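These notes are about the structure you will find just below.
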Amino acid sequence: SLSRRNLLKASASLAGCAALGAGLARHAGAAPPPTPLALVAQPARMTIGSATAQSEVMTYGLGETAPSGMPPVLRMRKGEPFAARFTNRLAEPSTVHWHGLRIDNAMDGVPELTQPYVYPGDGFDYRFTPPDAGTFWYHPHCNTLEQMGRGLTGVIVVEDPADPVFDAEVVLNLRDWRLRPDGSFLEAFKPRDAARSGTFGTLRTANWRDAPMIDAPAGGLVRLRLAATDVTRIYTLGLAGADAVVLSLDGHATPRPLPLDQIDLAPGQRADLVLRMPDGEGMTVTLTNFRGSTPWTVAGLRAVGASAHRALGDVKALSPNALSPFDAGSATRIPLDFTATAEHAPSPSLCGSIGYTFWAINKVPWQGDTTDPTAPLAELKLGRSYILEMANRTPHAHPIHLHGLTFTIISSNKRDRLPPPTDTILLQPDEKAELALVADNPGDWMLHCHIIEHQKSGMSAYFRVT
Ligand code: C2O
Ligand code: CU
Numbered sequence: 003s004l005s006r007r008n009l010l011k012a013s014a015s016l017a018g019c020a021a022l023g024a025g026l027a028r029h030a031g032a033a034p035p036p037t038p039l040a041l042v043a044q045p046a047r048m049t050i051g052s053a054t055a056q057s058e059v060m061t062y063g064l065g066e067t068a069p070s071g072m073p074p075v076l077r078m079r080k081g082e083p084f085a086a087r088f089t090n091r092l093a094e095p096s097t098v099h100w101h102g103l104r105i106d107n108a109m110d111g112v113p114e115l116t117q118p119y120v121y122p123g124d125g126f127d128y129r130f131t132p133p134d135a136g137t138f139w140y141h142p143h144c145n146t147l148e149q150m151g152r153g154l155t156g157v158i159v160v161e162d163p164a165d166p167v168f169d170a171e172v173v174l175n176l177r178d179w180r181l182r183p184d185g186s187f188l189e190a191f192k193p194r195d196a197a198r199s200g201t202f203g204t205l206r207t208a209n210w211r212d213a214p215m216i217d218a219p220a221g222g223l224v225r226l227r228l229a230a231t232d233v234t235r236i237y238t239l240g241l242a243g244a245d246a247v248v249l250s251l252d253g254h255a256t257p258r259p260l261p262l263d264q265i266d267l268a269p270g271q272r273a274d275l276v277l278r279m280p281d282g283e284g285m286t287v288t289l290t291n292f293r294g295s296t297p298w299t300v301a302g303l304r305a306v307g308a309s310a311h312r313a314l315g316d317v318k319a320l321s322p323n324a325l326s327p328f329d330a331g332s333a334t335r336i337p338l339d340f341t342a343t344a345e346h347a348p349s350p351s352l353c354g355s356i357g358y359t360f361w362a363i364n365k366v367p368w369q370g371d372t373t374d375p376t377a378p379l380a381e382l383k384l385g386r387s388y389i390l391e392m393a394n395r396t397p398h399a400h401p402i403h404l405h406g407l408t409f410t411i412i413s414s415n416k417r418d419r420l421p422p423p424t425d426t427i428l429l430q431p432d433e434k435a436e437l438a439l440v441a442d443n444p445g446d447w448m449l450h451c452h453i454i455e456h457q458k459s460g461m462s463a464y465f466r467v468t
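Just remember that full-length UniProt numbering sits 2 ahead of the position in the sequence shown, which is counted from 1.
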């Protein structure tokens, strides 16, 4: 049989042709290609949250500017080409994955599956056209527990010229850090916890700060873009001091603005809210996490200036992103069982294996990012409709993420209200859910738990769409 490497080359050049074809059709005679952004993964020293000492983090910076805080929020435009020249200044291989963006497979950033490793000192050109507007994010797909744990998680905003304009926009990148009081990093995980709900951080942050207080116009409407980029923590978030509506989840619009009560946000997930600031100067709104034994403040907003006197009732639904029509009549069913396993340890991997196997999808634990990954979980026909029958046969929640494709939850034994289309489903303990999917993007697409210890200890697989 063909080696993975040859397959990679073949599919890369095919994807290249497809991209070129699509590009010509869409942009014939249009603007010249964009100047690539210089995105640099690098080590840095900075003080995280309430820590009293600096930590040796990993971060993304733009060009030669020394990074001083969280990775930049990358802004793109729906339907317009984006380009980034990625440079790896870390001491280990890396890649960039654009979580939730339905782009060409060759740009998806999964080493061995969609592109070669980017070795220290090397680079890679990412070029794509985001088809959907919304809040997304980016992170490596290599030694992820370490690289993401140390800071390589950034937010992407894909703007739509048709987006409603609000009085302010606030982006919050939510995550934890496993730090000792002296600023040094603790071990990335504990095997005992990796076999359960994951190893939690010791320091909680929003935008790399401890419960930041952010100014926003009094009486104004604020679009709050939340991204949960932690490797482990599932949030249950609520707002005190303001009313709010949910505009979109995981980059896909709710059919109408839904009043916000509390919202679960698992690793990989995003939520766009619109809140109405209080009228009184200095009044505050707090974003609180209610999951776990004691609620705690994630971030706050403080009203500044004279009231803008806006009304939350005036907020309209966002225009939905276009998805291929799902055909229930012809859909093929694919059962997907998520289980614990004691099978065998994965083979050593260039891209970081955590050395344990605790989880499996359809009884097969992922072999690690080897040069010869396991066979695809299923081969899907381009353009055909599928129903993924997911069953969580574990007592733990798993945020299951699918690359490159968007699915819609059409049934579940654990929810009354079904969310908009998504790329990440928080599969509850013992949940059985049916996901409608159109295989409209060719290539090898990872499917994995976004609790990174689960991903790296077996709960990972991929679909091949041809
Ligand atoms: Cu957020 Cu495989 O990715
Ligand atoms: Cu999991």
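Each residue gets a CB set at the ideal place from its N, CA and C atoms; glycine is no exception. Because the structure is a prediction, the values reported are computed rather than measured.
The region 181-198 and the region 248-259 do not touch, with fewer than 3 CB-CB distances between them shorter than 8 Å. Distance check between residue 47 and each of 58, 40, 39 places 58 closest, using alpha-carbon atoms only. For residue 158, no alpha helix (DSSP H) segment is defined; the enclosing uninterrupted segment is the beta strand (DSSP E) at 156-161. In terms of Cβ geometry, residue 392 and residue 333 do not form a close pair [threshold 8 Å]. For residue 453, the Cβ falls inside the 7 Å cut-off from some heavy atom of the ligand CU. In the three-state scheme derived from DSSP, where H, G and I count as helix and E and B as strand, residue 456 is classed as helix. With a cut-off of 8 Å on Cβ pairs, the region 234-245 is not in contact with the region 321-338, counting fewer than three such pairs. Residue environment for residue 279: buried (at least 16 other C-beta atoms within 10 angstroms of its C-beta).
The region 86-103 and the region 120-133 touch, with three or more beta-carbon pairs separated by less than 8 Å. Excluding sequence positions up to five before and after residue 144, its CB lies within less than 6 Å of the CB of 95, 96, 97, 113, 353, all in the same chain and listed in chain order. Looking at 184, 213, 438, 166, the one whose alpha-carbon comes closest to that of residue 177 is 213. The three-state secondary structure of residue 367, taken from DSSP, is coil. Taking each of 211, 116, 164, 229 in turn and checking the Cα distance to residue 140, the smallest one comes out for 229. Cβ contact annotation for residue 413 (same chain, cutoff 7 Å, sequence separation greater than five): 435, 436, in chain order. Looking from the CA of residue 137, the closest CA among 406, 294, 411, 270 belongs to 270.
Relative to the Cα of residue 431, the nearest Cα in the group 396, 158, 132 belongs to 396. Each of 292, 41, 169 was checked against the Cα of residue 309, and the nearest Cα belongs to 169. The alpha-carbon separation between residue 438 and residue 132 amounts to approximately 22 Å. Counting only unbroken stretches of 4 or more residues, the alpha helix (DSSP H) elements lying wholly within the region 165-245 are 193-196, in sequence order. About 14 Å separates the CB atoms of residue 360 and residue 394; that is not less than 8 Å, and the two are not in contact. Exposure of residue 167 is indicated by the presence of fewer than 16 other C-beta atoms within 10 angstroms of its C-beta. When distances are taken from the beta-carbon of residue 311 to the heavy atoms of the ligand CU, even the shortest one reaches 7 Å or more.
Distances from the CA of residue 406 to each of 34, 134, 52, 90 were compared; the closest alpha carbon is that of 134. The ligand CU never approaches residue 403 closely enough for any of its heavy atoms to be under 7 Å from the residue's Cβ.
For the 8 Å CB-CB criterion, residue 266 and residue 428 form a contact. Contiguous beta strand (DSSP E) elements confined to the region 381-410 occur at 387-394, 400-404, taking only those with 3 or more residues. Just measuring C-alpha positions, the residue of 337, 245, 358 sitting nearest residue 344 is 358. Counting C-beta atoms within 10 angstroms of its own C-beta, residue 381 has fewer than 16 neighbours from the protein chains shown and is therefore classed as exposed. Annotation for residue 262: 241, 246, 247, 248, 275 place their beta carbon closer than 7 Å to its own, counting only its chain and skipping 5 residues before and after. Excluding the 5 residues flanking it on each side, residue 337 has same chain C-beta neighbours closer than 6 Å at 391, in chain order. As the crow flies, the alpha-carbon of residue 73 is around 15 Å from that of residue 227.
As the crow flies, the alpha-carbon of residue 88 is around 10 Å from that of residue 63. Looking at the DSSP output, residue 262 sits in no beta bridge, so it has no partner there. Residue 159 and residue 254 have their C-alpha atoms some 13 Å from each other. By a beta-carbon distance limit of 8 Å, residue 425 does not contact residue 304. Their separation comes to about 33 Å.
For residue 150, the distance from the CB to the nearest heavy atom of the ligand CU is not below 7 Å.
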